[in-house]
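2 protein chains.
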Amino acid sequence: MFFKVTPIEEVLKILDGFPLLGSETVPLKDAYGRVLAQDFFATKELPEFFRSTMDGFAVNSRDTFGATGSIPSILEIVGEVPMGSMPQFELKTGECARIWTGGMLPSGADSVVMIEHSSMIDEKTIEVYRSVVPLENVIKPGDDFKKGEKVLEAGTVLMPQDIGALAAFGIAGVNVFKNPKIAIISTGDEIVPITEVPPPGKIRDVNSYSLCSFARKYNAEPILLGICRDEESEFRDKLLEARELGDSIWISGGSSVGMRDITIKVLESFKDVEILIHGISISPGKPTIIARTSDGRGIFGLPGHITSAMVVAEILLSYFLLRITGQSPDYDGIHHRIQAEITRNVDSSGGRDDYIRVKIIKEGDRLFAEPIFGKSGLISTLVQGDGLVRIERNREGLYKGEKVNVILLRDIFHKKGV
Amino acid sequence: MFFKVTPIEEVLKILDGFPLLGSETVPLKDAYGRVLAQDFFATKELPEFFRSTMDGFAVNSRDTFGATGSIPSILEIVGEVPMGSMPQFELKTGECARIWTGGMLPSGADSVVMIEHSSMIDEKTIEVYRSVVPLENVIKPGDDFKKGEKVLEAGTVLMPQDIGALAAFGIAGVNVFKNPKIAIISTGDEIVPITEVPPPGKIRDVNSYSLCSFARKYNAEPILLGICRDEESEFRDKLLEARELGDSIWISGGSSVGMRDITIKVLESFKDVEILIHGISISPGKPTIIARTSDGRGIFGLPGHITSAMVVAEILLSYFLLRITGQSPDYDGIHHRIQAEITRNVDSSGGRDDYIRVKIIKEGDRLFAEPIFGKSGLISTLVQGDGLVRIERNREGLYKGEKVNVILLRDIFHKKGV
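If you read the sequences in order, they're chains A and Z.
Okay, so the first sequence: first residue is 15 according to our numbering, each after it adds one.
Okay, so the second sequence: first residue is 15 according to our numbering, each after it adds one.
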């Protein structure tokens with residue numbers, strides 16, 4: 015019944031001890047949002063040739079020196095660079111060639127005169143009204159990336175621009191951390207599948223779905239193993255199945271003493287499972303269990319109430335998931351946080367970190383965090399809320415008007431203009 | 015060659031004119047991150063019965079009035095509520111029943127005494143040391159949601175907590191906006207597939223991959239149609255194919271005059287396509303084309319340079335994608351933005367909104383935005399950058415030390431502790 019609760023800082027250290035997942039190669043077109051598993055270094059210079067950045071005329075810049083509107087340079091057009099081709103001619107003094115944006119400079123040319131700064135005298139001759147300096151309107155080999163330069167660091171979450179850079183180097187498959195597979199079990203004799211109408215005394219299986227969605231939020235792959243009754247051998251069988259399938263196992267329920275006892279008993283019955291945490295000094299979420307298999311899988315026993323399970327998920331599982339996929343998170347940076355003024359006094363019992371649910375209200379330029387009160391286990395406090403505010407365990411509460419950091423649990427930026 | 019450029023505010027209004035996509039029903043377990051297509055109202059009270067929120071004893075609160083450590087109330091245990099069952103007995107005065115968290119109160123009980131506030135005298139009798147008030151440690155029907163109450167609003171991006179609420183109501187399939195299908199075409203004779211080694215004068219097809227990833231970033235489904243040469247009939251065929259497959263068509267390239275002319279010519283040749291925009295007063299990204307089919311599909315002609323294409327995508331396509339999926343975005347809220355001090359003077363030519371790439375640097379508590387300069391078309395400016403700063407068209411630049419809003423293009427929070 016009574017257990018030693020662990021403060022969150024210690025829990026994070028324990029989570030740091032879990033091993034990284036392995037890596038896999040995915041097609042570049044599917045690599046968005048994945049985490050790069052190793053540094054990527056430029057395999058060659060980019061661009062590989064002198065490219066024009068404008069539509070105009072490739073010239074030798076010396077031929078334009080001193081050119082003005084009243085004293086233009088006169089140049090002979092000796093060719094055109096077709097897009098995507100290597101020019102088969104060379105510019106001599108006084109010569110130029112038509113070129114388009116992205117085109118390759120012919121040899122003898124070192125710059126490009128914009129079409130706007132020239133005019134045609136006849137089919138073969140242009141006047142240039144402005145001088146260009148060497149490399150003007152041109153990018154040269156290595157301007158983008160030098161061979162051997164570090165382009166992307168391991169641990170980078172690949173954004174469209176990064177995928178673009180990899181495409182430029184011809185990387186058709188990228189080595190990324192595997193997405194964790196999460197085996198999810200709901201426990202409790204009171205739980206029925208969501209497709210059933212719960213008879214009196216029973217409720218639907220909420221946690222399988224909220225945890226499944228939470229896993230997706232952090233790019234993990236949920237595997238729903240359904241509902242397990244408060245029964246030792248059934249739970250043992252489910253756990254064995256879960257260990258086969260999941261890189262991590264999330265068990266919700268067990269907030270009643272009976273189920274918690276069964277969970278602990280079954281976990282202890284596995285010789286290769288070590289129970290690391292049995293109780294965390296946060297509220298809601300105190301009766302959380304963390305265990306580890308000898309091959310490094312994390313087993314999390316989460317409270318049965320959705321609110322408690324979600325708080326533990328957002329506060330701890332987010333960190334765990336980023337950690338094992340090589341993102342070495344800064345804990346306070348996992349969630350977007352915004353500052354707001356709390357709208358009323360909030361008591362806190364002390365000795366544990368309290369996470370209260372708040373709604374963000376914008377009035378003019380000021381942001382307010384309005385606490386949503388409600389008994390433990392009410393889904394509505396989370397659904398109506400925008401985020402969480404942590405009251406640290408050395409505080410006895412918050413004062414109305416105090417500035418607090420709100421951990422956002424939904425994107426309110428484009429809904430509320432915050 | 016010359017075209018009238020449209021300011022961004024007008025472009026947004028034009029984007030507002032595109033119709034919403036239709037909706038579809040998806041399994042609840044796959045609904046994370048999807049956009050709810052219609053309001054959801056509670057179909058019943060939640061919870062449906064009086065539930066205990068603690069392990070302890072169900073009691074009639076009157077039997078505990080005045081109970082203290084020195085003068086406890088003595089109650090007889092007449093039964094236990096098995097989890098998930100409707101109690102088959104009724105409490106009379108002086109009686110109590112064991113109950114677990116989540117259990118259904120027997121009739122005659124109105125509250126729960128925590129196990130910590132009681133002790134066993136014998137197998138059948140407890141002492142209660144603290145009085146409880148009616149409904150203490152109990153949630154009653156409707157505490158979470160009242161029947162008919164609005165639970166979730168159309169346009170909500172479904173988060174784990176929302177999915178949990180839907181599960182509680184037994185919603186196994188959710189009506190959400192369809193994810194837009196995006197047909198993506200790269201154009202230009204200089205482009206080769208990324209799996210090929212580009213011969214001199216050619217480059218790899220970067221934009222198919224960066225735009226594909228960009229689509230995924232906003233939950234759209236990319237369809238890569240590959241590379242199209244600067245040739246009218248080939249481009250026409252590709253466009254016809256794209257119209258069959260995509261809710262929207264994104265064409266990159268055409269930054270050279272030749273390809274831009276072909277794009278416009280072919281678009282104009284379709285009787286049911288209207289060209290809405292031909293040039294936007296932003297830099298990079300000016301030569302952007304926006305057209306619309308009579309059945310409401312958006313056709314976007316994007317610049318060929320990855321940097322320009324990405325800026326247009328982040329500044330406009332993001333808005334377009336949120337708009338057609340029912341999210342009616344607040345424009346300034348689409349991206350996370352942070353305030354930082356610009357580290358040097360930046361010139362801007364005026365008359366157009368300039369988007370410069372910046373890197374965020376944290377020094378102590380101060381955030382700095384360091385401009386990354388580089389010629390148009392360099393991928394590296396985006397890869398090394400963390401975001402964009404807009405210099406409005408009525409400004410001639412930024413002064414060193416000025417506070418700017420940085421539109422973040424990657425999550426720097428947990429990498430840089432920002």
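Where a beta carbon is used, it is the ideal one built from N, C-alpha and C, also for glycine.
If you're wondering where the values come from, they're calculated on a predicted model, not measured in any experiment.
Please list the partners that residue 96 of chain A has in chain Z, where partner means a Cβ-to-Cβ separation under 8 Å.
203
Helix, strand or coil, according to DSSP, for residue 323 of chain Z in the structure here?
helix
I need the boundaries of the alpha helix (DSSP H) containing residue 178 of chain A, first residue and last residue.
174-182
Would you call the CB atoms of residue 263 of chain A and residue 197 of chain A closer than 7 Å?
yes
Give, in chain order, every unbroken run of the alpha helix (DSSP H) that is at least 4 residues long and sits entirely within the region 102-182 of chain A.
174-182
Close beta carbons around residue 348 of chain A, own chain, < 7 Å, minus the five adjacent residues each side
332, 333, 336
Chain-ordered residues of the region 177-190 of chain Z with a beta carbon less than 7 Å from chain A:
177, 178, 179, 181, 182, 184, 186
Is the CB of residue 126 of chain A under 7 Å away from at least one CB in chain Z?
no
Please work out which residues of its chain come closer than 6 Å, Cβ to Cβ, to residue 307 of chain A, disregarding the five sequence neighbours upstream and downstream, and give them in chain order.
286, 287
Cβ-based contacts, 9 Å cut-off: residues of the region 208-226 of chain A near chain Z:
208, 209, 210, 211, 212, 213, 214, 215, 216, 217, 218, 219, 220, 221, 222, 223, 224, 225, 226
What's the gap between the Cα of residue 243 of chain A and the Cα of residue 114 of chain Z?
15 Å
List, in order along the chain, the chain Z residues whose C-beta lies closer than 9 Å to that of residue 350 of chain A?
350, 425, 427
Nonlocal neighbours in the same chain, by C-beta distance under 7 Å from residue 164 of chain A, ignoring five residues either side:
53, 55
Which same chain residues end up closer than 8 Å to residue 235 of chain A when comparing Cβ atoms and leaving out the 5 residues on each side of it in sequence?
193, 194, 195, 196, 229
Taking the CB atoms as reference points, tell me whether residue 424 of chain Z and residue 173 of chain A lie closer together than 7 Å.
yes
Compute the Euclidean distance between the alpha carbons of residue 90 of chain Z and residue 128 of chain Z, then round it to the nearest angstrom.
16 Å
Take every Cβ of the region 250-257 of chain Z, pair it with every Cβ of the region 389-408 of chain A, and state whether three or more of those distances are shorter than 8 Å.
no
Hey, quick one: how far does the alpha helix (DSSP H) through residue 25 of chain Z stretch, first residue to last?
22-30
Residues of chain Z with CB under 7 Å from residue 300 of chain A, in chain order?
Result: empty, since nearest Cβ-Cβ is about 12 Å, beyond 7 Å.
Outcome for residue 134 of chain A when other beta-carbon atoms lying within 10 angstroms are tallied against a minimum of 16
exposed
What separation, rounded to the nearest whole angstrom, lies between the Cα atoms of residue 96 of chain A and residue 152 of chain A?
16 Å
Applying the criterion that 16 or more other CB atoms from any shown protein chain within 10 Å of the CB defines a buried residue, is residue 216 of chain Z buried or exposed?
buried
Can you check whether the CB of residue 64 of chain Z is closer than 7 Å to the CB of residue 154 of chain Z?
yes
Rank Z:380, Z:369, Z:365 by C-alpha distance to the C-alpha of residue 19 of chain Z and give the top, closest one.
Z:365
Reference residue 30 of chain A, options A:345, A:39, A:207, closest by Cα:
A:345
Helix, strand or coil: how does DSSP classify residue 82 of chain A here?
coil
Tell me, please, which residues DSSP counts as bridged to residue 204 of chain A.
Paired residues: none, contrary to the question.
Just the C-alpha distance for residue 400 of chain Z and residue 137 of chain A, rounded to the nearest angstrom, thanks.
47 Å
Length at least 3, wholly inside the region 189-276 of chain A: the beta strand (DSSP E) runs in chain order
195-201, 235-242, 262-266
Looking at residue 97 of chain Z and the ligand COA, is the gap between the Cβ and the nearest heavy atom below 6 Å?
Looking for the ligand COA in the displayed structure turns up nothing, as the structure carries no ligands at all.
Identity of the residue in Z:381, Z:394, Z:395, Z:388 nearest residue 427 of chain Z by Cα
Z:381
Chain-ordered chain A contacts of residue 353 of chain Z [CB-CB under 7 Å]
Correct list: empty, because the minimum Cβ distance to chain A is about 12 Å.
How would you label residue 325 of chain A, buried or exposed, when you count the other beta carbons within 10 angstroms and need 16 or more for buried?
buried
Check residue 333 of chain Z in the structure and name its three-state DSSP category.
helix
In or out: residue 221 of chain Z buried (at least 16 other Cβ within 10 Å) or exposed?
buried
If you measure beta-carbon to beta-carbon, which residues of the region 313-332 of chain Z are closer than 7 Å to chain A?
318, 320, 324
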